[in-house]
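> My questions will all concern the structure given below.
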Amino acid sequence: MTWMRGITCQLQQWKAARAQWKADMAEFKVAQKEARRKGERPENPGPPPTGFSLLPWLLMGMGSFSNLLQGKTANPWIGGLGLFVFNSLYIYVVFRSFVKEKRQAVSTLVALIVMGLITCGLALGYGGSWLYFFPLLGLATGAVVRGPRLGQVGLALTALAAAVSVYRAGWDAINVAYGTFLSTMVTAAILSLSEAVRELRAAREELARRAVEKERMRFSRDLHDLLGHTLSVIVVKSEAARRLAPRDMNAALDQITDIESVGRQALTEIREAVTGYREGSLATELDRARSALSAADIAPVVRQSGPPLTPQNEALLGWVVREAVTNVIRHSGATRCEITLDGVLDRVRLTIADDGPGDGNGGSPGTGPAEGIGGTGLKGLTERLAVAGGSLQAGPSPRGGFTVTAELPVEAAELTSSVVTTPGSRAPREP
């Protein structure tokens, strides 16, 4: 009895759907009451419509059912069978019409066509109250056909209802055609509008979710870049102060003063990063890079040429300097670091190159370079530069060491060359 099991499963699905709809409706009413209590506009549009919302319209067939019970219908078995099949197909079609995949399935369209044939047969055979199956057919048609073909289908169904009604009951039954057209178009309009509103709401929620995710990514990148660089500078300067303390207390105190300044500046930058208003200064980052590299016994060489940069480009290139210099100090084992900023046609290029044996990319000296751009910091910078139309490349240099190259588009301007070379006196090494 496979068909019996199928009917049982279908009834269980309808029962579960009804229970879910009741639960959603109860939650919707609670949300409405809470919004009214607070004087706010409720955002929850309520549970989506289901096939249950179209079932009460089956009461339009009660006149035909009454005629069958009272024996006013010729061949009652044929009429009863037609009424049962029509109602069964109506329930089948309207429940499938609220699921897009099922609504567009061939089986749904076949069931709708069979409904149309049964409606024509019953209306032509009996007339009277049996003509009101046409508006019911219009409801099912409007629920299924929602798209460019709705107008053509609606007019064709209306013309069919008008022809059959006039044939069976004369011009007095022309209101059946009007009811058919109205039920078809109104049902399709209401359900399409409801579906569009829910899709827009879902799209808005998705956009909000992506905005939150994007802000979380920005915040995590900022914290990584800020804390990674700051802590590296503090560690380097602390080591320098420890080395200098036995020989030159004044120099050690200078390093400790720098540590205090770096810590205070880091607190300010973290607050600005949290609020999203941090604008980095490339000149400030270059000064910090010189100080940090010198404290780490790495000779800094800084060269600059090119047009003035926009605040956005300065901020982005400042992040690159911060991250690349941090990696040089922590991982390269270098004795010299060159930072070159120059304008090339309509782009500005920043290059940070060291001469260390390490990979400058998160590895350790002697382990060799890693393929591609590794590390959270450089990956985050790659994403930032890509959004601004730029690029970031990192890898081993042909002359040895590691090189990070960032490029960004710049506005057309005359190049103003200025070369600043800071050989940098190295902090004395321990004997």
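Counting from 1 along the sequence shown, just add 1 to a position and that's the residue number in the working numbering.
Cβ coordinates follow ideal geometry from the N, Cα and C atoms, glycine included.
1. Quickly, what does DSSP pair Val302 with across the bridge? List them, please.
2. Tell me the start and end of each unbroken alpha helix (DSSP H) in the region 149 to 206 that is at least 4 residues and wholly inside, in chain order.
3. Alpha carbon to alpha carbon, what distance is there between Leu393 and Asp435?
4. Smallest Cα separation from Val100: which of Gly128, Leu138, Pro50 and Leu317?
5. According to the neighbour-count rule (16 or more other Cβ atoms, all chains shown, within 10 Å of its Cβ), is Asp356 buried or exposed?
6. Give the straight-line distance between the Cα atoms of Ala395 and Arg248, rounded to the nearest whole angstrom.
7. Gly148: which of Leu158, Gln105, Val177 and Ile119 sits nearest, CA to CA?
8. Got a sec, what are the start and stop residues for the beta strand (DSSP E) Asp288 sits in?
9. Quick one: Cα of Trp131 to Cα of Arg205, how far?
10. Going by beta carbon distance, what residues of the same chain come within less than 7 Å of Leu140, once the five residues before and after it are set aside?
11. Measure how close the beta-carbons of Tyr91 and Met116 come, nearest whole angstrom, since I'm counting them as under 8 Å.
12. Buried or exposed for Gly391, going by 16 or more other Cβ atoms inside 10 Å?
13. Note down, in chain order, each residue of its chain lying with its Cβ closer than 8 Å to the Cβ of Thr74, except the 5 sequence neighbours on either side.
14. I'd like the span of the beta strand (DSSP E) that includes Gln394, first residue to last.
15. For the beta strand (DSSP E) containing Thr404, list its first residue and its last residue.
16. Tell me whether Arg211 is buried or exposed, calling it buried when 16 or more other Cβ atoms sit within 10 Å of its Cβ.
17. Got a sec: is the Cβ-Cβ distance from Gly152 to anything in chain B below 7 Å?
18. CB Asp343 to CB Ser306, shorter than 7 Å?
19. Nearest-angstrom Cα distance between Val86 and Lys30?
20. Looking at the structure shown, is Leu132 part of a helix, part of a strand, or coil, going by DSSP?
21. When you compare the region 326 to 342 with the region 216 to 236, are there three or more beta-carbon pairs, one atom per stretch, that lie closer than 8 Å?
22. Does the Cβ of Ser108 have 16 or more other Cβ atoms within 10 Å, making it buried, or fewer, making it exposed?
23. Can the beta-carbon of Ser292 be found closer than 7 Å to that of Ala354?
24. Using the Cβ count rule (16 or more neighbours within 10 Å means buried), how would you classify Ile340?
25. Going by CA-CA distance only, name the one from Cys121, Phe96, Leu283 and Glu102 that's closest to Gly83.
26. Provide the residue(s) that pair with Asp1 in DSSP beta bridges, ordered along the chain.
27. Whole-angstrom Cβ separation of Thr406 and Arg350, contact assumed at under 8 Å?
28. Do you know offhand how far Leu382's Cα is from Leu317's?
29. Is Phe135 buried or exposed, if buried means 16 or more other CB atoms sit within 10 Å of its CB?
30. Within the continuous alpha helix (DSSP H) that includes Ala316, where are the two ends?
31. What residue range is occupied by the uninterrupted alpha helix (DSSP H) comprising Ala246?
32. Can you name the residues that DSSP bridges to Leu254?
33. Can you tell me whether Pro424 is helix, strand or coil according to DSSP?
34. For Trp436, count neighbouring Cβ atoms within 10 angstroms of its own Cβ and tell me buried if that reaches 16, exposed if not.
35. Do Val302 and Leu287 have their beta-carbon atoms positioned less than 7 Å apart in this structure?
36. On the three-state DSSP scale, how would you describe Val100?
By the coordinates alone:
1. Glu339
2. 151 to 170
3. The structure shown does not extend to residue 435, since the chain is modelled only from 2 to 432, so the question has no answer here.
4. Pro50
5. buried
6. 39 Å
7. Gln105
8. Not the beta strand (DSSP E): Asp288 falls in the alpha helix (DSSP H), residues Leu283 to Ala296.
9. 46 Å
10. Leu55, Trp58, Ser184 and Thr188
11. 7 Å
12. buried
13. Ser65, Asn68, Gly80 and Tyr127
14. Ser392 to Pro397
15. Phe403 to Pro410
16. exposed
17. Given the protein chain composition of this structure (a single chain), no chain B is represented.
18. yes
19. 37 Å
20. helix
21. yes
22. exposed
23. no
24. buried
25. Cys121
26. Residue 1 lies beyond the residue range present for the chain, which begins at 2 and ends at 432; the question has no answer from this structure.
27. 7 Å
28. 8 Å
29. buried
30. Pro312 to Asn328
31. No alpha helix (DSSP H) contains Ala246, which DSSP labels as neither H nor E.
32. Paired residues: none, contrary to the question.
33. Note that Pro424 has pLDDT 40, beneath the 50 cutoff, so the model's placement of it is unreliable and the number below is only indicative. In the structure shown, Pro424 sits in coil (DSSP, three-state: anything other than H, G, I, E or B).
34. Since the first residue of the chain shown is 2 and the last is 432, residue 436 is not available in this structure.
35. no
36. coil
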